Amino acid sequence: MVKWYKRKKSEINVEDALQSGPYIPPPSRENEVQTVDVPPDFEPLFAAAEETVASFFDDMDWSPTKGTLLIGGSRYVLLSSESLQNMPKALSHDLDIPIEKANKLYYRLAKSIGKDDARRFIYKMGVVDPIAKLSAGPVHFAFTGNARVAFLPSNPSPDDSYLLRYDHPQSFEADEFIRKNGPISNYPVCIWNAGYSSGWCSESFGIDVDAREISCRAMGHKHCRFVMAVESKLEDFVKETLKEGF
5 MVKWYKRKKS EINVEDALQS GPYIPPPSRE NEVQTVDVPP DFEPLFAAAE
55 ETVASFFDDM DWSPTKGTLL IGGSRYVLLS SESLQNMPKA LSHDLDIPIE
105 KANKLYYRLA KSIGKDDARR FIYKMGVVDP IAKLSAGPVH FAFTGNARVA
155 FLPSNPSPDD SYLLRYDHPQ SFEADEFIRK NGPISNYPVC IWNAGYSSGW
205 CSESFGIDVD AREISCRAMG HKHCRFVMAV ESKLEDFVKE TLKEGF
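In my numbering, the protein residues as written are 5 to 250.
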């Protein structure tokens, strides 16, 4: 069976699809990162992570007759982004709990999964530097269809001064909400995006950090923008980030 990779129509044929992985345009310059927006100083590190993650996804064994999907030797399952985006609402209804509590449960689930995915990739990459550990996260996020990541001025230090600012263009949660309702949400909807990224970074830096979405396209804003920090500093960093005009 032909793999389901997205490729340019002019390049699709059976042999090509069977032998090739996800289509990424060739880089126009050395160390160009295709799946993440990063500062120039970090391009070599993220370009290497991109190669590692790409090779992981090239190793795919998709067998509907067995009911299995293996990527890089690990079992994956395909889930509808529409169903994931609707999960907090479903939890609130089925468990008869306030939507705020359902959002927190959904966030914790995403954070736990982000930690587990990071632990697996860090082991595969064999890296020890926190930034190197972080580097595979945004690439994996893009390859799995969650969102693209664009880093903003930050200070990702493995201590209480940790600060990460970033956007998630094409966040699946914002896209799904807008597709169904338009940009009319009263609150940020990218809960999975926030939880998963905080889980990956917590595992990478060895400290517990949390992320908060400070603007969201589902609310009519230009960006889905996040601030990540240790819990005790998060509120202050959010205020500082907004004051600086991010």
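For every residue, glycine included, the Cβ atom is placed at its ideal position computed from N, Cα and C.
This structure is a prediction, so every number in the text was calculated from the model and none was measured.
Suppose you measure from the CA of residue i to the CA of residue j; what does that come to, to the nearest Å?
i: A178; j: L113; result: 18 Å
i: V193; j: T56; result: 31 Å
i: K93; j: A122; result: 27 Å
i: K184; j: N90; result: 11 Å
i: F125; j: P142; result: 12 Å
i: A58; j: S78; result: 14 Å
i: K13; j: M129; result: The predicted position of K13 is uncertain, since its pLDDT is 43 and thus under 50; a value taken from the coordinates is nonetheless stated next. Between K13 and M129, the C-alpha separation is close to 33 Å.
i: K226; j: D120; result: 31 Å
i: Q38; j: V153; result: 11 Å
i: Y127; j: P187; result: 40 Å
Quick one: what does DSSP say residue i is sitting in, helix, strand or coil?
i: A101; result: The displayed chain sequence assigns Ile, not Ala, to residue 101. Here I101 sits in coil by DSSP.
i: N150; result: coil
i: D133; result: coil
i: L83; result: coil
i: V2; result: There is simply no residue 2 to check, as the chain begins at 5 and stops at 250 in what is shown.
i: Y127; result: helix
i: E248; result: coil
i: S236; result: helix
i: N190; result: coil
i: G224; result: coil
i: S116; result: helix
Judging by CA-CA distance, which residue of the options is the nearest neighbour of residue i?
i: S139; options: A52, E235, P44, R229; result: A52
i: P134; options: A151, L109, V242, Y166; result: Y166
i: K115; options: V213, E180, F241, R79; result: V213
i: V231; options: G224, D240, M223; result: D240
Return the bridge partner residues of residue i from the DSSP annotation.
i: I211; result: In the DSSP output, where bridge partners are listed per residue, I211 has none listed.
i: E55; result: DSSP output for E55 lists no bridge partner at all.
i: M64; result: I75
i: N197; result: Answer by DSSP bridge pairing: none, since N197 is not bridged.
i: D41; result: A154
i: V231; result: R169, R216
i: N159; result: L167
Between residue i and residue j, how many whole angstroms is the CB-CB distance? I'm expecting something under 8 Å.
i: R229; j: S219; result: 5 Å
i: G149; j: S202; result: 19 Å between Cβ atoms; not a contact.
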